[in-house]
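> Its first residue numbered 6, the sequence shown is counted upward by one per residue in our numbering.
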Amino acid sequence: MEILILGGGLLICIIAVIISAVTSVVSAVAASEDEENF
Numbered sequence: 006m007e008i009l010i011l012g013g014g015l016l017i018c019i020i021a022v023i024i025s026a027v028t029s030v031v032s033a034v035a036a037s038e039d040e041e042n043f
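Following this line, the structure appears as structure tokens:
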């Protein structure tokens, strides 16, 4: 069970990092698109 909990924590950390990276990329793309469209 300890390994499962440890793996779950690692998975959550990885997902959090991916979400933060995707969010920053999406915000940058949205900003550039806003500048081009408007």
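For every residue, glycine included, the Cβ atom is placed at its ideal position computed from N, Cα and C.
How about isoleucine 24: is its Cβ closer than 7 angstroms to a heavy atom in the ligand FMN?
The ligand FMN is not among the ligands present in this structure, which contains no ligands whatsoever.
> Could you compute how far the alpha carbon of valine 30 sits from the alpha carbon of isoleucine 8?
If I take the Cα positions, the gap works out to 33 angstroms.
> What does a CB cutoff of less than 7 angstroms around glycine 12 pick up in its chain, not counting 5 residues either side in sequence?
Once the five neighbours on either side are set aside, glycine 12 has no close Cβ partner at all.
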